């Protein structure tokens, strides 16, 4: 369903035979070998022995993906500004964004505060 609505990629994680269809339909399938059998592992792109190993898989690969995207945006920004080192946004926009982002929390908090 995710691929029908957008161009995003989805990951499916399963550990039993009833998860095989979900793993095969996803862009990236991760199978966990366990007591219920090896069907999910055989249908997956990546295989893990325990759920405990998913932490490293998701955090490390997620970090690498974030780093690659940040580098791509940085290169695009550099090319967009003509390799001059100039910021894309004016300094006032960045200053106001930070001030408003911090202040909106307190404005909402005190708006709903009751005094007896």
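Numbering (the numbering used here), first residue to last: 613 to 728.
For each residue, glycine too, the CB sits at the ideal point set by N, CA and C.
Bear in mind the structure is a predicted one, so any value in this text is a computation, not a measurement.
Specify, as a first and last residue, the run of the beta strand (DSSP E) that residue i falls within.
i	result
residue 633	Segment 632-637 is the alpha helix (DSSP H) holding residue 633; no beta strand (DSSP E) there.
residue 665	Counting along the chain, residue 665 falls outside any beta strand (DSSP E), and DSSP gives it neither H nor E.
How far does the alpha helix (DSSP H) with residue i in it reach, from first residue to last?
i	result
residue 623	Not the alpha helix (DSSP H): residue 623 falls in the beta strand (DSSP E), residues 623-626.
residue 642	No alpha helix (DSSP H) contains residue 642, which is instead part of the beta strand (DSSP E) from 640-644.
residue 658	Where residue 658 is concerned, there is no enclosing alpha helix (DSSP H), although the beta strand (DSSP E) it sits in stretches over 658-660.
residue 698	Run containing residue 698: none; DSSP gives neither H nor E here.
Could you tell me whether the Cβ of residue i comes closer than 9 Å to any Cβ of chain C?
i	result
residue 720	This model lacks chain C altogether; it includes just one protein chain.
For residue i, I'd like the list of residues in its chain whose CB is within less than 7 Å of its CB, leaving aside the five on either flank, ordered along the chain.
i	result
residue 636	655
residue 693	700
residue 646	627
residue 649	628, 629
Classify residue i: buried if its beta carbon has 16 or more other beta carbons within 10 angstroms, exposed otherwise.
i	result
residue 625	buried
residue 660	buried
residue 667	exposed
residue 638	buried
residue 644	buried
What residues in its chain sit with their C-beta under 8 Å from that of residue i, if we drop five residues either side in the sequence?
i	result
residue 683	none
Taking the DSSP output, what are the residues bridged to residue i?
i	result
residue 649	646
What does a CB cutoff of less than 6 Å around residue i pick up in its chain, not counting 5 residues either side in sequence?
i	result
residue 631	652
residue 641	624, 635, 656, 657
residue 675	none
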